[in-house]
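What follows is a short report on a single structure.
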Amino acid sequence: MAKIELNDVSYKYPYTKNQALRKISYNFESGKFYGIIGENGGGKTTLCNLIRGLVPHFYKGKLKGDVLVDGTDIRDWNLDELSAQIGYVFQNPFTQISGIKETVFEEVALGLENLGVPKEEIIEKVTNVCKLLKIDDLIENNPNELSGGQRQRVAFASIISMETEMLIIDEPTSQLDPEGTRDVFGIIKTLKESNKTIILVEHKIDMIAEYCDEILVMSKGSIAFSGPTHEILSNPEIMEYGAMMPQSAIFGHAMADAGKPLARIPITLSEAVPLVKDRR
Amino acid sequence: MDSEFINSFRSYQKTGNFWLDLNPITKLNICLAFAFSALIMLDWRYGIPLCLACCVVALLAGKFKVFFDMYGKVCMIVILFVTIVRQIGMRTGNVTPFINIFGWQWYLESFVAGWDRITFILGFSGSLILFFATTPMRDLMYSFEQLGMSHENSFIMLASMQNIIDLKKASVTILESQKSRGIETDGNILVRAKAFFPTLGPLLLGAIASTEEKAIAMDARAFSVKRKHTFLRELAPASTTQKTLSIAAWVFCAATLVFRFIR
Ligand SMILES: Nc1ncnc2c1ncn2[C@@H]1O[C@H](COP(=O)(O)OP(=O)(O)OP(=O)(O)O)[C@@H](O)[C@H]1O
Ligand SMILES: [Mg+2]
C-alpha cells in the first residue's frame, strides 16, 4: 500500500476562481525521497498542504477526488493525529515560530512537550538537533528576534526534533547561504537513510539532483512530469514548465548540440566528470 | 553549547530571590489578600504603609523599575483624578483656600478628604501591580495549567502578549514607511493622530492573518494531539510553608475585616 495515494484530485481555495490543483493522480511510496519542483504558483505548497491535511481541514475550499493517507481518506483523518505523524516545515519560516517561548531551546522543545515526551528525553533530543543544525550558540536567544536564516534553521530543528515517520519540507533553504543549504541537505539525507518518507519542495536543482529518488514537476496545478530523478532532470522539456535543469545536464545537452555528445546526459557534477574523461 | 543553561531545565526554575521564587499561586494569594485588605481598611494610615511595602518588595525582588514604570503612572493619575473630583465637590462650607489656578480656587480640605480614597486605591493597585511585575506571564499560565486550565487557554494568553509586542513593532514599521513616503508623523497630537489612524487597517489585517498563521504553526507542533503534555520548564510546587503563607495572608485579610467592624 502506498503511503499517500492521490486519485484524480482537484482543489480550489475558497473565494478563488482558478483551481490550485487539477486532476492530480500520484502514489507516494513509504521510505522514498520525493522532490517537487516547478514554477511559482504551480501548486507545490498547495500539494503539501493537501498531503498534510491542512487542505481540507484548515483551508476549506472545494476538494474533489480521493486522498488516502495510510489507506484512510484525508477527510476522515483527525488533523491532530496527522500532526503527530507527518512533520511539516513551512515555506515561510517567519510564520513557524510559536511566539510563546522565550528561548530557542524551548522553542525547539515545544513539539516534544506537546507529544508528551518525558523531560530528560526532550533535553537530549533538543540538544542533539540544535548541534545538528548548528544553532547551539543561539539556544538562549529569543526566537522572535532572529534573522531569516536563523529562523529557518530553528523552524527546521523544531520539526525534525519531533521525529515523525514522514516529513514534508517546503523550501527549507530559501533564507540560507550555500553552506547552510549544504548542511540542511546533509541532514535530510541522514533522515532519508533512517527510512523516513520525505517530500521536499526546492528550487536549488543541483541539490535535488544529488539527493532525491523521484521528481515531480508541477505546473499550473498539474503534474507535468514525474518519475525517477535522472530521467526527469535530464529532460530539457521541463524547462518549458518553469523548472530548471542541473548545470551538468545543461552542459551535457550543449555538448550533444555541439556534436560531441557524452555517453549519457549527467545530472550531477560527480556523474559528469567520468563521462567527460571517457570521451577523450 | 552552554550546559549550565540546559541543566537548568533538569531542576525546578530558581532565581535565588525569595519573593521571585515563590510559587505564582502563593504570590497571587498574598497580593490579592493585601489588595483586599486595603479596600477593607479604607484608611490612609493603612494605605500608605502598604504602598511603601509594595515598593520595598519590588526593590528586594530586583524588579523596581518594571514595577514603578507602571505604578508611578497609576499613582499620578489616581492622585490627580481623585483630587480634582473632590475639588469639584467641595465648593461650599468651611474651607481654606490653598491655591488658585487661573481663577479656579483649590481648597486644602479637598486634598485631605481625598487622601483615604487615594491611598486605598494605591494600596490596592500596588499589590496587584507588584504581582504582575514580579510574575512572568508564562509562570502564571504554567501554574494555572497545573491547576487544570487547558493549554489552549494558556496559549491564547501567551500568544496575545506576544501579539501586542508584534503589533507595536509593526505599527512602528508602518509609521516609518509612511515617513519615508513624505507623510508627516512627528509633531503635535493632531499630526500624529492623522498619521496613526490610516495604519490601523493594515495592522488589523496583519493581526488577523497572523492569528491564522499561528494556528497552523501550532498545529505543526502537534499542539492539539490528545495526549498529556510534558513541561520542559518546571516550577516548584507550593511547599507547606508557602501554603501556610497564603492562608496567613487571607487570615490577615479577614482580621482587617473584623477590625473594621468592631472599630
Ligand atoms: N491561502 C490561499 N488562498 C487562496 N489562494 C491561494 C492560497 N495559497 C495559494 N493560493 C493560490 O494557489 C495557487 C498555487 O499556489 P502555491 O502556493 O501552491 O504555489 P507554489 O508552487 O508553492 O508557488 P511558490 O513557488 O511561489 O511557492 C496560486 O495560484 C496561488 O495564488
Ligand atoms: Mg510554495
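Chains A and B are the protein sequences, given in the same order.
Going left to right, the first sequence walks through residues 1 to 280 as our numbering numbers them.
Going left to right, the second sequence walks through residues 281 to 543 as our numbering numbers them.
In this text, a Cβ means the ideal position worked out from N, Cα and C, and glycines have one as well.
In this text the structure is predicted, and so the values were computed from the model without any measurement.
Secondary structure at residue 5(A): strand, using DSSP grouped into helix, strand and coil. With contacts defined as CB atoms closer than 7 angstroms, residue 441(B) and residue 421(B) fail to qualify as a contacting pair. Taking C-beta separations shorter than 6 angstroms and ignoring five residues to either side along the sequence, the partners of residue 57(A) in its chain run 79, following chain order. Residue 346(B) is positioned such that its CB atom lies no closer than 7 angstroms to that of residue 398(B). Shown here for residue 395(B): same chain residues with a beta carbon closer than 8 angstroms to its own, the five before and five after excluded, namely 324 in chain order. Residues of the region 282-314 of chain B with a C-beta less than 8 angstroms from any C-beta of chain A: 282, 285, 286, 289 and 290, listed in chain order.
Among the residues of chain B, those whose CB is under 8 angstroms from the CB of residue 113(A) are 509, 510, 511 and 512, following chain order. Close CB contacts of residue 334(B) within its chain, under the 7 angstroms cut and outside five residues either way in sequence, are with 406, 407 and 410 (chain order). Annotation: the continuous beta strand (DSSP E) that includes residue 214(A) extends over 214-219. Proximity of chain A to residue 438(B) at the Cβ level (cut-off 7 angstroms) is accounted for by 100, in chain order. For the C-beta of residue 83(A), the chain B residues within less than 8 angstroms are, from N- to C-terminus, 499, 500, 501, 502, 503, 504 and 505. For the 7 angstroms CB-CB criterion, residue 415(B) and residue 304(B) form a contact. Closer than 7 angstroms at the C-beta level to chain B, one finds these residues of the region 50-67 of chain A: 54 and 58. Under the 7 angstroms criterion on CB atoms, residue 493(B) is classed as interfacial with respect to chain A. Here residue 302(B) carries a coil assignment [DSSP, helix/strand/coil]. The alpha-carbon separation between residue 65(A) and residue 200(A) amounts to approximately 23 angstroms. For residue 442(B), the nearest CB of chain A lies under 7 angstroms from its own CB, placing it at the interface with that chain.
For chain B, the residues of the region 136-155 of chain A that bring a beta carbon within less than 7 angstroms of one of its beta carbons are 136, 139, 140 and 144, in chain order.
Of the heavy atoms belonging to ligand 2, none sits nearer than 6 angstroms to the Cβ of residue 95(A). Interface residue (Cβ-Cβ distance to chain B less than 7 angstroms): residue 168(A) is not classified as such. A direct Cα-to-Cα measurement between residue 10(A) and residue 20(A) gives close to 8 angstroms.
When the five nearest sequence neighbours on each side are left out, the beta carbons in the same chain lying within less than 7 angstroms of the beta carbon of residue 139(A) are those of 103, 104, 105 and 130, in order along the chain. In this structure, residue 161(A) places its C-beta atom within 7 angstroms of the C-beta atom of residue 108(A). At least 7 angstroms separates the CB of residue 240(A) from every CB of chain B. The closest heavy atom of ligand 1 lies 6 angstroms or more from the beta carbon of residue 31(A).
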